[in-house]
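Per our numbering, residue 490 is the first one in the sequence shown, and the count goes up by one each step. The C-beta atom is built at its ideal place from N, Cα and C for all residues, glycine as well. Model, not experiment: these values are computed from the prediction.
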Amino acid sequence: MKTQKTLSVVIPVYNEVDNLPLLFDALHAALNPLPHPWEVIFVDDGSQDGSCEVLQRLAAQDAGHVRVVILRRNFGQTAAIAAGIDYAQGDILVLLDADLQNDPADIPLLLEKLDEGYDAVSGWRKERKDAFLTRTLPSRIANSLISWVTGVHLHDYGCTLKAYRREVLGGFRLYGEMHRFIPVYAYAAGAKITEMPVRHHPRRYGKTKYGLERTLKVILDLLTVRFLLSYFHKPIYLFGGTGVGLMLISAATILFLMIRRIAFGISPFTSPFFQMSAMFFILGFQSILMGLIAEMLVRTYYESQRKPTYRVRETLNVPPSDDDRP
């Protein structure tokens, strides 16, 4: 029944009480001139500074455009984004932070890029206004590492400002801190991805929610993403391949000990290599068993119902849906 593309802007909110009124005005200035019908999905992620009350006022002030999803507690940015995506009605989804460091005025530019035939457009904070040593430098290292491991080359995975066609966001769920890897998942689903420079402003109110500890989380999540992309559907290839490799090492060690016994008369049982070969064989056998168990878990995953990563307390101005939502 839809003849015109609709737009949903998903904004996770955590303790941004002073920024929300300014963000609301900036969104209206950027989105009102667009030909697309639009909505804004604010997801309050357990704010404790009065942000929830501000969102309630904004929802009452502009019931036609503002939707509010209030989570029961702080589940994290990834879960908040997942909630916003689930409740969004639009054909095109734009993700945006609530801290006003990204500029809502760039949203029309992202949409123009989508109209060129792309499925996803990633913002690139080419001129960042953050501290270099604690924010910019670790981010550049992480971006290079992610691009190298995943093969999806973007300058700025950490920039929340991105636009997607809804169809490329299906088929995967977001957990942990995985929101920054959405372009990787979309690419794996066949999406055509590009990036473009966007404006970046210094934070005016509030304080950043991230520190250097996020770098470790990115590395661990990157390992997970690599596994999911390469071995999720067939984990036996990883675990079984490792197991076979260990068992081959064990067999080669035994062969070496046998040749040494025949040539030099040295007993294999007195050598530490014998214990090593036994250990490698056992580890290899266990790895193969783990692969078989992982195969069964994957099949269980595909046959089970999806379980969300968040729980909603209430919604405002959100139309009813037949979908199962928490």
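- Boundaries of the beta strand (DSSP E) harbouring Tyr653: 651-654, taken from the DSSP string.
- The stretch 604-611 makes contact with the stretch 668-686, as at least three CB pairs between them are under 8 Å.
- With respect to the C-alpha of Ile635, the residue from Arg715, Val657, Ala571, Leu560 having the closest C-alpha is Arg715.
- Look at the beta carbons and you see the stretch 647-663 touching the stretch 597-605: at least three pairs across the two are nearer than 8 Å.
- Looking at the DSSP output, Phe531 bridges to Ile500, Val557.
- The continuous beta strand (DSSP E) containing Met685 extends over residues 682-686.
- In summary, Gln775 is exposed, with fewer than 16 beta-carbon neighbours lying within 10 Å of its beta-carbon over all protein chains present.
- In this structure, Ala594 lies near Arg688, with their beta-carbon atoms less than 9 Å apart.
- Here Met667 is buried. Its C-beta has 16 or more other C-beta atoms within 10 Å.
- With fewer than 16 other Cβ atoms from the protein chains shown falling within 10 Å of its own Cβ, Leu626 counts as exposed.
- Closest in alpha carbon position to Pro808, among Pro510, Leu781, Gln578, is Gln578.
- Glu803 sits exposed, since fewer than 16 C-beta atoms from the chains shown fall within 10 Å of its C-beta.
- Around the CB of Met768, fewer than 16 other CB atoms lie within 10 Å, so the residue is classed as exposed.
- A residue is called buried when at least 16 other Cβ atoms come within 10 angstroms of its Cβ; Met736 meets this threshold and is buried.
- Checking the DSSP bridge columns, you'll see Val583 partnered with Val498, Ala652.
- Here DSSP, grouped into helix, strand and coil, assigns Val707 to helix.
- Boundaries of the beta strand (DSSP E) harbouring Ala609: 609-613, taken from the DSSP string.
- If you draw a 10 Å sphere on the C-beta of Thr759, you find fewer than 16 other C-beta atoms in it, and that means exposed.
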